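Single-structure report; data block below.
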Amino acid sequence: MDYDRIFRAAIDRLHGEGRYRVFIDILRTKGQYPNAQCFAGHNGPKPITVWCSNDYLGM
-7 MDYDRIFRAA IDRLHGEGRY RVFIDILRTK GQYPNAQCFA GHNGPKPITV
43 WCSNDYLGM
């Protein structure tokens, strides 16, 4: 069974449907909620405000 082909097709389907999720790296500092630093892109960290999140690990 060609699992690489099966999973690639599933991921391609998600991309086509617009449901592929991309997660960004953020840095939260204790006592600074809701402020954080975003590490998306190549310009270094950018200050952001996190108003809502799907923080599955409760971190």
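Residue numbers (this note's numbering): -7 to 51. Beta carbons: idealized from backbone N, C-alpha and C, even for Gly. Since we're looking at a predicted model, the values are computed, not measured.
- When DSSP states are grouped into helix, strand and coil, R13 belongs to the coil group.
- Distance from the Cα of R11 is smallest, within the candidate group I18, L19, K38, A2, for A2.
- In the DSSP assignment, K38 falls within the unbroken beta strand (DSSP E) covering 38 to 41.
- Here N27 is bridged, per DSSP, to T41.
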